[in-house]
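Going down the list, the sequences are from chains A and B.
Per my numbering, numbering through the first sequence is continuous, rising by one, with the last residue being 524.
Per my numbering, numbering through the second sequence is continuous, rising by one, with the last residue being 92.
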Amino acid sequence: MEENLPQNGLVAVVKRDCPTCVLTAPVLGHLAQRGGLKVYTQDDPSFPDTVAGRIDDTALDVSHRLRIEIVPTLISFEGGREVGRTFGWDRGEWERLSGIAGLGADLPEARPGCGAKNVEPGVLERLKIRFNETGLKSRRIAIGAEEDEHEAMFARGWSDGLPLVLPTEERVLRMLDGTGRDPQEVLGLVPPDLAPATVEKIAINAVMAGCKPEYLPVVLAAVEAVLEEKFAMHGVLATTMFVGPVVIVNGAVRRRIGMNAKGNALGQGNRANAAIGRALQLVIRNIGGGRPQEVDRATLGNPGKYTYCFAEDEEGSSWEPLSVERGVKPGQSAVTVFAGFGLQGVVDQKSRDPESLSRSFAESLKAIHNVKSAPACDALLVVCPEHHRTFKDAGWTKARLYEELYQLCEIPGDELIAGAKGIAEGGPPSQAGKSVNKFRPGGLMIVRAGGDAGMFSGIIGGWSAGGPRGSLPVTKEVKS
Amino acid sequence: MIVLLDPTSERSPTIRPRLPRPERLDGLTIGILDIAKSRGDVFLHRLGERLAERGIAVKHYAKPTNTRPAPLLLRQQIAAEVNVVIEGLSD
Chain A
45 MEENLPQNGL
55 VAVVKRDCPT
65 CVLTAPVLGH
75 LAQRGGLKVY
85 TQDDPSFPDT
95 VAGRIDDTAL
105 DVSHRLRIEI
115 VPTLISFEGG
125 REVGRTFGWD
135 RGEWERLSGI
145 AGLGADLPEA
155 RPGCGAKNVE
165 PGVLERLKIR
175 FNETGLKSRR
185 IAIGAEEDEH
195 EAMFARGWSD
205 GLPLVLPTEE
215 RVLRMLDGTG
225 RDPQEVLGLV
235 PPDLAPATVE
245 KIAINAVMAG
255 CKPEYLPVVL
265 AAVEAVLEEK
275 FAMHGVLATT
285 MFVGPVVIVN
295 GAVRRRIGMN
305 AKGNALGQGN
315 RANAAIGRAL
325 QLVIRNIGGG
335 RPQEVDRATL
345 GNPGKYTYCF
355 AEDEEGSSWE
365 PLSVERGVKP
375 GQSAVTVFAG
385 FGLQGVVDQK
395 SRDPESLSRS
405 FAESLKAIHN
415 VKSAPACDAL
425 LVVCPEHHRT
435 FKDAGWTKAR
445 LYEELYQLCE
455 IPGDELIAGA
465 KGIAEGGPPS
475 QAGKSVNKFR
485 PGGLMIVRAG
495 GDAGMFSGII
505 GGWSAGGPRG
515 SLPVTKEVKS
Chain B
2 MIVLLDPTSE
12 RSPTIRPRLP
22 RPERLDGLTI
32 GILDIAKSRG
42 DVFLHRLGER
52 LAERGIAVKH
62 YAKPTNTRPA
72 PLLLRQQIAA
82 EVNVVIEGLS
92 D
């Protein structure tokens, strides 16, 4: 321990697994014999056998206290204070620190050291926990040895219904390595409890959801996005309608963390897609206290309320990515959140020109919520690559497609009013004789995703309270 | 023992509290569970009579043996049918 460190003299920290340490063993023996050197060994207590009084530091306590990063490290103390330190083998430095000339005459001039054991992934976290240096503020919950820890998490209501990864201190510390942000930074207040979302609390939920540390910046951006006032997260949660937050990811981060924008992009099987969307839902559940049949009043909900996150397929697209369309500079990673539900397929295997295909899209879009409902809700149209190709080959920009779809979604009010088509559902009599659009201006969003084969695009419908009076999509840059 | 970090806003205690005892039994259904300890049935039967005299709904259940936890189906049945359970724990 630290009290055993010398007031004056040298300390060396070594491990047998390091060839440079093995190389310096005779030098360490020489210095130890002259007195004034303590050698701490990290892995094998019998190393170095040149030093009789070597000290076992396989628990790594001294290494951690001395903040060793490289072995061998040689440190010089005077009056109990460190006055010099060198890493690896460097004859000049070792001679300077020891004050002894001609060290290791048969050794090369210098050799770089190896990584120290106390800073290996996993080990460093355990040492920080042992020395109470984590800085983590969250309450610790001890699960008894006889208790099943997975059942304990279910019993506490932390789960969305599926098993969780245990949020141990080690895992949360590693998760927090994924961001440079202060763990105590508050990103906003999570409804319905309006509890503060600290980076630390979000990291705990990200661990439980199955995230890797490198996903955390995307999770943080998604949480920031849903907590913006204009997204109206409380209402999105509390509504009896189907919706939940849908997360669309753009930019370089997609490929860096291995997100899926290709085949089955909206389906199962990709860890990043699945865990990021799930982490967001767990944040709402655990930090915000938003649970089904409590403040979440959804009649049916939708399977996307477990997780609903995918990447846009930007590569090979002639269209600007959704994030760029929404004001983010090209290449910058960003997330966009949309209050959406389910997926309504648009199957069109015969259209070969953009006019026919856009009419096909529009007729399908007009069915969202109810064919009698207009304006109905915002919608996200996910165009598959084979459908996109038809627009690309004809030179249609995304702006052109928005414009055409908007025009094609004009509906005669006579078809919409209550009672028309023999359906009691419908709009007010004032719609009669007018033309009514299915969507508010700006109420459509288009992204490109999916496998290379298949003429199957998708519509993700929105909340009836879409738009400024309810929920607006929000885009946030992903910060490291 | 394993230590976890609390993912919640920490508004509830770490040790989950027991459900509060009802202040009155009126309108509730009482389950009487005989765990098969000797003469428990006599005591519990009399208790059931006294409750019934007060106009309280009573349902009787019995464990097959006092040496093992109640079978799952019995536990689920009791949880679904009654509000409060009384059982005799000793001879």
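Glycine included, each C-beta is placed from N, C-alpha and C at the ideal position.
How would you call residue i, buried or exposed, if buried means at least 16 neighbouring beta carbons within 10 angstroms?
| i | result |
| --- | --- |
| A/I119 | buried |
| A/A309 | buried |
| B/N84 | exposed |
| A/P347 | exposed |
| B/T66 | exposed |
| A/I467 | exposed |
| B/V43 | exposed |
| A/I331 | buried |
| B/I16 | exposed |
| A/W507 | buried |
| A/G201 | exposed |
| B/I36 | buried |
| A/L217 | buried |
| A/F405 | buried |
| A/A438 | exposed |
| A/D496 | exposed |
| B/T68 | exposed |
| A/D357 | buried |
Should residue i and residue j be called a contact, given that it needs their Cβ atoms to be closer than 8 Å?
| i | j | result |
| --- | --- | --- |
| A/I114 | A/F131 | yes |
| A/P257 | A/V270 | no |
| A/C602 | A/G498 | For residue 602 of chain A there is no data in the structure shown, the boundaries of chain A being 45 and 524. |
| A/A418 | A/K465 | no |
| B/L45 | B/G89 | yes |
| A/A423 | A/I292 | no |
| A/V263 | A/L231 | no |
| A/T242 | A/P227 | yes |
| A/D101 | A/D61 | no |
| A/F275 | A/V426 | no |
| A/G53 | A/L81 | yes |
| A/P165 | A/S524 | no |
| A/M252 | A/L208 | yes |
| A/E416 | A/L344 | Reading off the sequence shown, one finds Lys at residue 416 of chain A, where the question assumed Glu. The answer is no: Cβ separation not under 8 Å. |
| A/L70 | A/T94 | For clarity, residue 70 of chain A is Pro in the given sequence; the question names Leu instead. Yes. Within cutoff. |
| A/A305 | A/A247 | no |
| A/T441 | A/P398 | no |
| A/K349 | B/P8 | no |
| A/G333 | A/D237 | yes |
| A/A196 | A/I187 | yes |
Going along chain A, which residues have a C-beta under 9 Å from residue i?
| i | result |
| --- | --- |
| B/R12 | D237, A239, G333 |
| B/I33 | Within 9 Å Cβ-Cβ: nothing; B/I33 doesn't reach chain A, min ~27 Å. |
| B/I36 | The contacting residues do not exist; B/I36 stays about 22 Å from chain A at best. |
Under three-state DSSP, which class holds residue i?
| i | result |
| --- | --- |
| A/Y350 | coil |
| A/T380 | strand |
| A/R492 | strand |
| A/C428 | coil |
| A/S362 | coil |
| B/R17 | coil |
| A/A355 | strand |
| A/A528 | In the structure as shown, chain A begins at 45 and stops at 524. Residue 528 of chain A is therefore absent and cannot be evaluated. |
| A/C65 | helix |
| A/D422 | coil |
| A/P532 | No answer is possible for residue 532 of chain A: the residues shown for chain A start at 45 and end at 524. |
| A/R184 | strand |
Name the chain A residues whose beta carbon is nearer than 8 Å to that of residue i?
| i | result |
| --- | --- |
| B/T68 | What B/T68 touches in chain A: nothing, since even the nearest Cβ is about 19 Å away. |
Run down chain B in chain order and give the residues with a C-beta less than 7 Å from the C-beta of residue i.
| i | result |
| --- | --- |
| A/I248 | L6, P8 |
| A/E193 | I3 |
| A/N330 | P8, T9 |
| A/P211 | L5, L6, P8 |
| A/G188 | M2 |
Could you tell me which chain A residues have their CB closer than 7 Å to the CB of residue i, listed as they occur along the chain?
| i | result |
| --- | --- |
| B/T15 | R183, I185 |
Just the chain B side, please: which residues come within less than 8 Å of residue i by C-beta, in chain order?
| i | result |
| --- | --- |
| A/M252 | P8 |
| A/V216 | L6 |
| A/W202 | P8, T9 |
| A/L556 | Because chain A spans 45 through 524 in this model, residue 556 of chain A falls outside it and cannot be assessed. |
Which residues does DSSP list as the beta-bridge partners of residue i?
| i | result |
| --- | --- |
| B/D35 | B/A63 |
| A/Q388 | A/I503 |
| A/K465 | Answer is none; A/K465 lacks a bridge partner. |
| A/T117 | A/V57, A/F131 |
| A/E521 | A/A378 |
| B/L6 | A/R184 |
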